[in-house]
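Residue numbers (the numbering used here): 73 to 335.
What follows is a single structure, written as structure tokens, with notes after it.
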Amino acid sequence: MQHHIQRFVNKAVIITGGAGGIGLSTAIRLAAEGAKIALVDITEEGLKEAKQEILHSAPDAEVITCIADVSKEEDVKAYVADTLEAFGSIDGFFNNAGIDGKRFPLPEYTPEEFERVMTINSTGVFLGLKHVLEQMEKQGSGAIVNTASIGGILGWSSQYGYIASKHAVVGMTRAAAAEFACKGLQINAIAPGGIKTPMAADAMAKLNPEDPTAAERQFASRIPARRMGTPEEIAGSVAFLLSEDAAFINGHILLVDGGQTCQ
Ligand code: NAP
């Protein structure tokens with residue numbers, strides 16, 4: 073096992089979308105740095121497997137799981153309450169759950185699909201900020217990383233819900249930093265480029281259903297780094313933004329994209 077510095081000893085961190093690619097890798101990284109983990113996701117099965125993976129790499133880690141739909145306020149209140157009951161504080165929050173959404177040219181893009189993506193990706197992030205910040209404000213300490221995307225900075229065609237929802241995450245990150253930095257809280261966002269997770273595999277299959285690997289090769293060839301990123305690379309950046317090493321960084325949108333937005 074790789075040895076990491078221990079920046080999160082005695083710190084409790086909530087991770088939404090914790091059974092997915094980026095969320096799980098981040099949980100593994102934070103547990104390796106000593107964090108107590110509250111893993112939030114939508115299915116019991118996914119959470120069970122994810123918890124086992126965390127304990128496989130960090131056998132002494134304290135991990136709780138919370139089944140929640142991040143777009144439902146009652147579920148959000150419940151994951152906050154469960155974390156407080158188990159660990160007594162919320163020191164870090166990775167507000168990360170999200171979906172990709174379907175791709176359609178605008179004339180075929182339905183309001184229902186727009187609403188579905190916005191509800192999970194934006195309302196979910198909003199509700200997480202609202203209820204976690206209420207607790208962090210009481211504590212007078214805490215750090216948050218929201219998951220945006222390079223799709224929160226760029227526009228690309230056919231993904232209106234995703235692009236709008238991730239621009240909203242960028243905006244809410246800045247708004248929350250503007251409101252809460254004065255309370256000693258740290259709120260930033262990560263903007264990943266193409267990262268090799270189940271979500272990206274689905275996206276490649278949508279781009280080229282006959283040959284997803286060809287779609288990935290073509291996608292990677294347009295990235296200056298000539299490859300997609302790994303969830304572990306996102307995890308390292310999230311750990312930095314949640315740590316005291318980033319204490320004077322607030323409202324920042326950290327691109328982790330192999331230079332994808334440079335051209
Ligand atoms: P992923 O592997 O699909 O993980 C996302 C996780 O969130 C899944 O476990 C998913 O569960 C869960 N989830 C979906 N809807 C939820 C809900 N309503 N409530 C609670 N959990 C829910 O995707 P990922 O690539 O790790 O993505 C994580 C975040 O990174 C997302 O916000 C995504 O937009 C962002 N991102 C990803 C990339 C990339 O290239 N991978 C790039 C930029 C940004 P199910 O699988 O059961 O639906």
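Beta carbons are placed, not taken as given, at the ideal position from N, Cα and C, and that holds for glycine.
Given the structure is predicted, the values throughout are model-derived calculations rather than measurements.
*Cβ of I94 within 7 Å of any heavy atom in ligand 1?*
Sequence index remark: in the sequence shown, residue 94 carries index 22 (1-based). I94 Cβ: within cutoff of ligand 1.
_One question on the structure: do S161 and A84 come within less than 8 Å of each other, judged by their Cβ atoms?_
On the sequence shown, position 89 is the one that residue 161 refers to. On the sequence shown, position 12 is the one that residue 84 refers to. Yes, they are a contact pair.
*asked:* Can you check which of these residues, G243, G92, L327 and L205, is closest to I126 by C-alpha distance?
replied: Counting from 1 along the sequence shown, the entry for residue 126 is found at position 54. That would be G92, whose Cα lies nearest to the Cα of I126.
*DSSP on V242, reduced to helix/strand/coil?*
Taking the first residue of the sequence shown as 1, we reach residue 242 at position 170. Here V242 sits in helix by DSSP.
*Identify the residues that DSSP records as bridge partners of G173: which are they?*
Mapped onto the sequence shown, residue 173 falls at position 101. Answer is none; G173 lacks a bridge partner.
*At a cut-off of 7 Å, is G266 close to ligand 1 when judged by its beta-carbon and the heavy atoms of the ligand?*
Here residue 266 corresponds to residue number 194 of the sequence shown, with the count starting at 1. Result yes, Cβ under 7 Å from ligand 1.
*Taking only runs that begin and end inside the region 106-166, name each unbroken alpha helix (DSSP H) of 4 or more residues, in chain order.*
116-129 and 145-159
*Would you call the region 126-136 and the region 147-160 in contact, with 3 or more CB pairs under 8 Å?*
yes
_Rounding to the nearest angstrom, what Cα-Cα distance links I225 and D274 in this structure?_
Taking the sequence shown and counting its residues from 1, the one referred to as residue 225 is at position 153. Taking the sequence shown and counting its residues from 1, the one referred to as residue 274 is at position 202. Their backbone Cα atoms lie some 22 Å apart in a straight line.
_Contacting residues, own chain, Cβ-Cβ under 6 Å from A307 (five flanking each side not counted)_ = Start at 1 with the first residue of the sequence shown, and residue 307 comes out as number 235. Taken in chain order, the residues that qualify are S97, T98 and R101.
_Can you tell me whether N82 is buried or exposed? The criterion is at least 16 other CB atoms within 10 Å of its CB, across all chains shown._
Indexing the sequence shown from 1 puts residue 82 at position 10. With fewer than 16 Cβ atoms within 10 Å of its Cβ, N82 is classed as exposed.
*May I ask you to report which of helix, strand or coil DSSP gives N193?*
As a working note, residue 193 is residue 121 in the sequence shown. The answer is helix: DSSP assigns N193 an H, G or I state.
*For G160, is the beta carbon positioned less than 7 Å from some heavy atom of ligand 3?*
This structure lacks ligand 3; the ligands present are ligand 1.
*Give a yes or no on whether the C-beta atoms belonging to A248 and L314 are separated by under 8 Å.*
Within the sequence shown, numbered from 1, the residue matching residue 248 stands at position 176. Within the sequence shown, numbered from 1, the residue matching residue 314 stands at position 242. No.
*Considering I94, what are the terminal residues of the alpha helix (DSSP H) in which it resides?*
Here residue 94 refers to the residue found at position 22 when the sequence shown is read from its first residue. Here the alpha helix (DSSP H) through I94 covers G93 to A104.
_Quick check: is the beta carbon of H324 nearer than 8 Å to any beta carbon in chain E?_
No chain E is present in this structure, which holds just one protein chain.
*What residues match up with A263 in a beta bridge as DSSP calls it?*
On the sequence shown, residue 263 is found 191 positions in, with the first residue counted as 1. Paired residues: L327.
*With distances taken from CA atoms, which of G243, L257 and I267 is nearest G214?*
Residue 214 sits at position 142 when you count from the first residue of the sequence shown. Comparing alpha-carbon positions, the option among G243, L257 and I267 lying closest to G214 turns out to be L257.
*Is it right to say G212 is buried, meaning 16 or more other beta carbons lie within 10 angstroms of its own, or is it exposed?*
If you number the sequence shown from 1, residue 212 lands on position 140. By the neighbour-count rule (16 or more Cβ atoms within 10 Å), G212 is not buried but exposed.
*How should L17 be labelled, buried or exposed, when 16 other C-beta atoms within 10 angstroms of its C-beta is the threshold for buried?*
Coverage of the chain is limited to positions 73 through 335, which leaves residue 17 absent and any answer about it impossible.
*Residue environment, R332, which counts as buried when at least 16 other CB atoms sit within 10 Å*: Within the sequence shown, residue 332 is the residue found at index 260, counting from 1. The question names Arg, but residue 332 in the sequence shown is Gln. Flag for Q332 reads buried.
*asked:* Between T245 and ligand 1, is there a pair consisting of the residue's CB and a ligand heavy atom that are separated by less than 7 Å?
replied: Position 173 of the sequence shown, counted from the first residue, corresponds to residue 245. Incorrect: T245 has no Cβ contact closer than 7 Å to ligand 1.
_Tell me which residue opens and which closes the alpha helix (DSSP H) that V310 is part of._
Walking along the sequence shown from the start, residue 310 turns up at place 238. Element bounds for V310: P303 to L314.
*Can you grab the Cα-Cα spacing for the pair K123 / V197, in whole Å?*
To locate residue 123, count along the sequence shown from 1; it is residue 51. To locate residue 197, count along the sequence shown from 1; it is residue 125. Cα to Cα, the separation comes out at about 23 Å.
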